[in-house]
Amino acid sequence: MKAMPKIGVALYASGSPFSSSGNFACEFRGVPFSFGSASDLPGQTLWVTNSSWDELKEAGLHRNPKIAHDGYYRTKLSQMANELGLKTLPLEQQAPFLAELLGNAAEMARIQLGLTQFPSSGLSQAVGQLHGSHEAAVGSAVSHAAEQACQRYTACERDRRHKQSDIFSFWFPRHSFSEFLLQSPLPDNQVLQVIPMHRLPSNGRDTVVLVEWAQQMKLPLFARIKILALEPVLGRLLNYGSGAQDVSGTTRNREYQARNMREWCALPELEALSQSGEVEVLEVAIAGGWTKSGLTPFCNKFASVSYAYGLVAENLWFGLTRKCTPAAQISKSLSTAWLQSLDRMKCLAVAERLHNLGMEVMNYGNGRITVECPVSIRSAIPQFALEEQILYPASLENLIPAQNKQRSATNVLQQLLESRDYSRIIDVDQSALRELRASRGVK
């Protein structure tokens, strides 16, 4: 694993590595300074930039060991800027704040993963290298089913466009969402046994009964399916045409007709389909057993509110969807398909309620739901987020916070974001870091 002894943030004025003026950088616990190009940045520090991997590649910097792209923490720096409401600040002020916040996150990840330095390729890649999944043999039945069942996110079918609207993402609190996913057992990746249809409840013809049986028996079940019809709203949200070849979807007789090439799905997805449509089960297979990653998020009152530790927690679960190899690419394994299914179905439930509220859901997955919100229902955002216990970005101006008496971790974090109390956000992060160090016996 390639690593560096120090870490910092380098912000290009235009987000492009070709920008030569107005750029600012700051090391973790350092002093901000202006720079003209990557060659001006100290060589013993890993610099997380606000440029994409493609932009760094175009500039010839993608192989530079001291330069990291904006997805180093999985959540991009542009998304963090929206969530934290940073875009109104000049880069000279953003750089030291992000250096402190992301430096705390990197230090917490380093301690939790037992590393001596900061990984160069990204936090989720580091988790993958240490705890990622082993794929089944290429060309095997297990490999085929896993590849068909994997889907990282969903781009929704849209039938409306609004002239005046806000486009933004709601997101699940990263700490509790990671805790939910990491506590879930995952299927073994090497064995997948096909069960004859006559040995299944109702011969596999009743999907609801099949799902209930698998849940009661605690079976890591996968099914090859044919979707005959779906409830219209769910059909547009699931949009099985996205990311699949030669797929068409139309609405007819108030039913969403869909044919998808993914074929296989994990039990959490099958459950959602069984409740809102007509699904034919063609084949059922069960993994060889359950496994546990052994990863758990650090839990205390500071970690559950810490924005920086939330980024670490997100990378813990997402890292499990990567291969246990030096490159740590996204794996096509049964455990990855299962994790992605849990993630997307949890997002889908909230996406459906957002749609019913009047928002246009654009995509969901990876713990967030991106929407286009018309101005007519904009004021409902805080109350909806409070009821669902999800978060909305501080970049949304002139919203009246929802009144609540509960001091849950989600509510406290939302209040910190709304108030843009950056010094307190850092204080919470540093408290979480001190507690994590103490729990690991690190000074």
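Each residue of the sequence shown is one higher than the one before, starting from 285 at the first, in the numbering used here.
By construction, the Cβ of each residue, glycine as well, lies at the ideal position given by its N, Cα and C atoms.
It should be emphasised that the depicted structure is a prediction, and the values quoted were computed from it without experimental measurement.
{"Query": "8 Å Cβ cutoff met for residue 671 and residue 656", "Result": "no"}
{"Query": "Those runs of the alpha helix (DSSP H) which lie wholly inside the region 354-414 and span at least 4 residues", "Result": "361-368 and 375-397"}
{"Query": "Whole-angstrom distance between residue 648 and residue 519, CA atom to CA atom", "Result": "14 Å"}
{"Query": "First through last residue of the alpha helix (DSSP H) which encompasses residue 695", "Result": "693-703"}
{"Query": "Secondary structure of residue 710, DSSP reduced to three states", "Result": "helix"}
{"Query": "Alpha carbon of residue 712 to alpha carbon of residue 563, nearest angstrom", "Result": "48 Å"}
{"Query": "C-alpha distance - residue 707 paired with residue 662, whole-angstrom precision", "Result": "28 Å"}
{"Query": "Buried versus exposed call for residue 388 [16 or more other C-beta atoms within 10 Å across all chains shown]", "Result": "buried"}
{"Query": "Beta bridge counterpart(s) of residue 653 as assigned by DSSP", "Result": "454 and 648"}
{"Query": "Inter-residue CB distance, residue 605 and residue 620 (contact presumed, cutoff 8 Å)", "Result": "4 Å"}
{"Query": "Unbroken stretches of the beta strand (DSSP E), 3 residues or longer, contained in the region 496-526", "Result": "505-514"}
{"Query": "DSSP beta-bridge partners of residue 352", "Result": "332"}
{"Query": "Beta-carbon gap between residue 296 and residue 323 smaller than 8 Å", "Result": "no"}
{"Query": "Closest by C-alpha distance to residue 403, when choosing among 479, 286 and 635", "Result": "286"}
{"Query": "Proximity below 8 Å, CB of residue 331 to CB of residue 292", "Result": "yes"}
{"Query": "Coarse secondary structure for residue 317, derived from DSSP in three states", "Result": "strand"}
{"Query": "Spatial neighbours of residue 325 in its chain, beta-carbon cut-off 7 Å, leaving aside the 5 residues before and after", "Result": "294, 309, 319, 331 and 350"}
{"Query": "Residue 695 to residue 487 span [Cα, whole Å]", "Result": "47 Å"}
{"Query": "Between the CA atoms of residue 724 and residue 395 - distance to the nearest angstrom", "Result": "8 Å"}
{"Query": "Bridge partners - residue 725, DSSP secondary structure assignment", "Result": "Partner(s): none; residue 725 has no beta bridge."}
{"Query": "Given 8 Å, three or more beta-carbon pairs between the region 411-422 and the region 473-480", "Result": "yes"}
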